[in-house]
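Novice: If you read the sequences in order, they're chains E and B.
Following numbering that gives the first Met the number 0, the numbering of the first sequence begins with 0 at its first residue and continues without gaps.
Following numbering that gives the first Met the number 0, the numbering of the second sequence begins with 0 at its first residue and continues without gaps.
Protein chains: 2
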Amino acid sequence: MQAAATVSAPAKRPRGRPRKTADERADGNRRRIVLRHAARLFRRKGFDATSTRDIAAAAGMQSGSPFYHFKSKQALLFAVMEEGMRTALQQQREAMARAGMETLEPAAQLRLLVRNHFENLFGAGNDYVPVMLYEQRSISRAQQAALAELKGAYEGDWEPVLRALHASGRLRADVKLARLMIFGALNWSVQWFDRRGAATLDDLADAALALFLSEAP
Amino acid sequence: MQAAATVSAPAKRPRGRPRKTADERADGNRRRIVLRHAARLFRRKGFDATSTRDIAAAAGMQSGSPFYHFKSKQALLFAVMEEGMRTALQQQREAMARAGMETLEPAAQLRLLVRNHFENLFGAGNDYVPVMLYEQRSISRAQQAALAELKGAYEGDWEPVLRALHASGRLRADVKLARLMIFGALNWSVQWFDRRGAATLDDLADAALALFLSEAP
DNA sequence: CCTACCGATCGGTAGG
DNA sequence: CCTACCGATCGGTAGG
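1. Near E:V113, what residues of its chain come up, given a Cβ to Cβ distance below 7 angstroms and the 5 sequence neighbours on each side ignored?
2. For E:W191, return the contacting residues in chain B, with the cut-off set at a CB-CB distance below 7 angstroms.
3. Verify whether the separation of the beta carbon atoms of E:P65 and E:L76 is less than 8 angstroms.
4. Can you name the residues of chain B whose CB is closer than 8 angstroms to the CB of E:F182?
5. Check each candidate in E:A96, E:R52 and E:R85 and name the one with the smallest Cα separation from E:R145.
6. Three or more C-beta pairs under 8 angstroms: does that hold for the segment 39-56 of chain E against the segment 43-53 of chain B?
7. Give the interface partners of E:S213 over in chain B, defined as CB-CB distance under 7 angstroms, in chain order.
8. How close, in whole Å, do the beta carbons of E:R169 and E:A215 come, if the pair is a contact with beta carbons under 8 angstroms?
9. Count Cβ pairs between the segment 25-40 of chain B and the segment 57-71 of chain B that sit closer than 8 angstroms; are there 3 or more?
10. Starting from the Cα of B:H165, find the closest Cα among B:P105, B:D126 and B:A94 and give me that residue.
11. What in chain B is Cβ-close to E:D173, meaning under 7 angstroms?
12. Just checking, does the segment 37-44 of chain E make contact with the segment 84-98 of chain E on the three C-beta pairs under 8 angstroms criterion?
13. Are the beta-carbon atoms belonging to B:L179 and E:M180 less than 8 angstroms from one another?
14. Would you mind telling me which residues of chain B sit closer than 7 angstroms to E:A48, beta carbon to beta carbon, in chain order?
15. Using a cut-off of 8 angstroms between C-beta atoms, extract the partners of B:R136 located in chain E.
16. Just tell me which of E:S62, E:W187 and E:A198 has its CA closest to the CA of B:D173.
17. Strictly below 9 angstroms CB to CB, what residues from chain B border E:L176?
18. Which residues mark the beginning and the end of the alpha helix (DSSP H) in which B:W157 is found?
19. If the criterion is Cβ atoms closer than 8 angstroms, does the pair E:L109 and E:A98 meet it?
20. Throw me the rounded Cβ distance for the E:Y127 and E:M80 pair, which I believe falls under 8 angstroms.
21. Can you tell me the Cα-Cα spacing of E:F182 and B:Q73, whole angstroms?
22. Would DSSP call E:N186 helix, strand or coil?
23. For B:I138 and E:E101, I'd like the C-alpha separation in whole angstroms.
24. Return the CA-CA distance between E:L149 and B:A123, expressed in angstroms with no decimal places.
25. Have a look at B:E118, B:A177 and B:N119 and flag the residue whose alpha-carbon is nearest the alpha-carbon of B:E158.
26. Considering only the alpha carbon of each residue, which of B:R52, B:W187 and B:R29 lies closest to B:F121?
27. May I ask which residues mark the beginning and end of the alpha helix (DSSP H) holding B:F46?
28. Where E:D53 and B:N119 are concerned, what is the direct C-alpha to C-alpha distance, given to the nearest angstrom?
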């Protein structure tokens, strides 16, 4: 029996499997490993073009294993997006607190928000937000509604800033449309910005502020 | 023989097939019909989520028939994009000529370009440009390069306008980054703008101009 | 979390 | 442009 078992179970790992880093071996966060690799792949190739097998392989698992952690591919996508929005909102709140938001003048407040938003789009490991921005179509209405709350909170932090700038004449456009277009200008940078290029995130923030705001009186 | 032919070819169309409009029946443009429905579906559902069977059904054909007109699904996508860019560029050139571009001052020139760009995004039947904007990932490098020429021509028309506005102080940001962000603000509207809503394309153009330009001196 | 597998769908094609 | 079809891939699952 023992001999038979030894023969039928060679107990050798397949060769091609990615080695696990120390961080990944720490147990309890296998789910997070799946989440992180899913975010990376969804960002790079898109949701539909990424198979759950791709994700499993990147996470060093067998093809069916992601479904132990997430009940469907769509649920995994939603988890990526929710993680993205939660983290982004938290980062924004922390950045505001760190800088003493209420002590800043409106233009400096906007610069802070813009600069931090670029960080959320391009910071190391920040693949979650771009996925959230560009894969809305692939989640259900109910999931979209759930995310809308977090997005509302995130955008809500911008509202008083934009209103103050509008009141002072430095933001000439209608506040609501301005907000939509500002986020468009920022979010679209995912399409063209390359961290290896000459421009820095500070350059981007400078250009954005110069673009949106009239000269101080 | 005649009788036999009659029996073996009942000549009745299957029931579920969409009826063809007079326009669609005119022969020679079956290819265009496929192209148009592909653009519509690619825009609504995305490239990967649209099957060639969806397209065939929408065009009133059998599942294999799109491949008579296009050698692959990707070639069909590229044809949609190329059609989009060609038409958009042509529309832009015509709008410029119609308005007597060189007689306008720079701010009015920008407004013309912006307003026309919104038309290219939201005009009736203009599904091609949004597909081009949002499905870049799904075409090959070579195809991207081919489109880059047309995009270069389209954006090139904006360049002198932005430079003039920069020189006069009404556009404060760096011209290159400003162009990228302006297109971002406009292109992102595909994500949120609803023609059935209160805002019109003119409202959008007004807001964009107010957002990007400082007050005239 | 792995093994082994299923049913469905999909892009594409030969031949007419 | 239709008919009939193929091979591959994919999301997902039962059972351990």
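Built from N, CA and C at the ideal position, the CB exists for glycine as well.
Fair warning: this is a prediction, and the values are worked out from it, not measured in the lab.
Specialist: With the structure as the only source:
1. Leaving aside the five residues that flank E:V113 on each side, the residues in its chain whose CB is nearer than 7 angstroms to its CB run, in chain order, L185, A204, A207 and L208.
2. What E:W191 touches in chain B: L179.
3. Their beta carbons are not under 8 angstroms apart, which means E:P65 does not touch E:L76 by this criterion.
4. What E:F182 touches in chain B: W187.
5. Per the sequence shown, residue 145 of chain E should be read as Ala rather than Arg. For the residues E:A96, E:R52 and E:R85, the minimum Cα distance to E:A145 belongs to E:R85.
6. Touching, yes.
7. Those are S213 and E214, listed as they occur along chain B.
8. With 8 angstroms as the limit, E:R169 and E:A215 qualify as a contact, their Cβ atoms being about 7 angstroms apart.
9. Yes, since at least three Cβ pairs between the segment 25-40 of chain B and the segment 57-71 of chain B fall closer than 8 angstroms, the two stretches touch.
10. Residue B:P105 is the option with its Cα nearest to B:H165.
11. For E:D173, the chain B residues whose Cβ falls inside 7 angstroms of its Cβ are A206, in order along the chain.
12. In short, these stretches do not touch, since the Cβ pair count stays below three.
13. Taking the C-beta atoms as reference points, E:M180 is found no nearer than 8 angstroms to B:L179.
14. Chain-ordered, the chain B residues with CB closer than 7 angstroms to the CB of E:A48 read D47.
15. Those are K44, G45 and A48, listed as they occur along chain E.
16. Checked all of E:S62, E:W187 and E:A198; the closest Cα to B:D173 is E:A198.
17. Result: A198, D202, L203, D205, A206, A207, A209 and L210.
18. Boundaries for B:W157: no alpha helix (DSSP H) harbours it, and the DSSP string shows neither H nor E there.
19. Judged by beta-carbon spacing, E:A98 lies beyond the 8 angstroms limit of E:L109, meaning their Cβ atoms are not closer than that value.
20. Contact flag correct, Cβ pair sits at about 7 angstroms.
21. Going from the Cα of E:F182 to the Cα of B:Q73 covers about 31 angstroms.
22. Shown here, E:N186 sits in a helix according to DSSP, grouped into three states.
23. Taking the Cα positions, B:I138 is about 47 angstroms away from E:E101.
24. CA-to-CA, the gap between E:L149 and B:A123 works out to about 34 angstroms.
25. With distances taken between Cα atoms, B:E158 lies closest to B:A177.
26. Selection B:R52, B:W187 and B:R29 evaluated against B:F121 yields B:W187 as nearest (Cα-Cα).
27. Careful: B:F46 lies outside any alpha helix (DSSP H) and carries neither H nor E.
28. Take the alpha-carbon of E:D53 and the one of B:N119: they are about 37 angstroms apart.
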